[in-house]
Amino acid sequence: KAGVTQTPRYLIKTRGQQVTLSCSPISGHRSVSWYQQTPGQGLQFLFEYFSETQRNKGNFPGRFSGRQFSNSRSEMNVSTLELGDSALYLCASSATGTYNEQFFGPGTRLTVL
Amino acid sequence: AQTVTQSQPEMSVQEAETVTLSCTYDTSESDYYLFWYKQPPSRQMILVIRQEAYKQQNATENRFSVNFQKAAKSFSLKISDSQLGDAAMYFCAYRGNAGKSTFGDGTTLTVKP
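Top line first, the protein sequences correspond to chains A and B. Note that this note's numbering has the first sequence beginning at 9, numbered continuously upward. Note that this note's numbering has the second sequence beginning at 1210, numbered continuously upward.
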């Protein structure tokens, strides 16, 4: 099976712009989670989608949003970018069930100038 | 809310020696899973080992084993016969019945030849 894929791999934006990141889970996986990884804050949970519904949400402002499509692909959107949004954004998919291990994608490195 | 604490930001080990990475967590749930993930430099995060909370037997995967102490809420990872390829950041993660994962801040492991 193909692994989790994320596009684009690298992105440079300026403050105030918006960005959309994409994640394609492993075939058959219905859960997709998003994380923000920064050197100072570690791995912070953004949200999880399961069967097109947001099942869990982390403590991020409303500028961060996401969605999941019927084929389980997920997108994450960040509006009005701030310098502090520069980070590695990781997507992880897991099979049906809340306890399954997550399989991570390579991440999207977002730099906000 | 669940919390995961990795008290060792950095650890080092001599090649072929054994090293133990610490992790403690806090939860009021009785059913949950615990995971150790490995993130090599500039590479994808991968699962190392998983432990079901209802199982008393400690999980083992080749050179990797855990010491799971449910009452103490402790979940340490032991790496035996350390290899240069083990050098990475290691994350301890908790996944509860809501499906949300909580990660520790990570431990950077250096393996000295």
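No residue lacks a Cβ here, since even glycine has one placed at the ideal position from N, Cα and C.
Contact holds between the stretch 26-42 of chain A and the stretch 102-118 of chain A, because three or more Cβ pairs, one in each stretch, are under 8 Å apart.
Within 10 angstroms of the beta-carbon of A/G36 lie fewer than 16 other beta-carbons, which makes it exposed.
Taking 8 Å as the cut-off, the Cβ atoms of B/S1274 and B/K1282 do not count as close.
Taking a Cβ-Cβ threshold of 9 Å, the residues of chain A close to B/D1314 are Q49, G50 and L51, in chain order. Any Cβ of chain A closer than 8 Å to the Cβ of B/Q1260 would place that residue at the interface, and such an atom is absent. When secondary structure is reduced to three states using DSSP, A/G70 falls in the coil class, being assigned neither helix nor strand. Put simply, the backbone Cα of A/P16 is about 22 Å away from that of A/F68. Neighbours of B/F1244 in chain A, taken as residues at a C-beta separation under 9 Å, are given in chain order as E109 and Q110. Residue burial is scored here from C-beta neighbours: A/G92 has fewer than 16 other C-beta atoms within 10 angstroms and is therefore classed as exposed. Those residues of the stretch 1295-1310 of chain B placed with their C-beta closer than 7 Å to a C-beta in chain A are F1300, R1304, N1306, A1307, G1308, K1309 and S1310, ordered along the chain.
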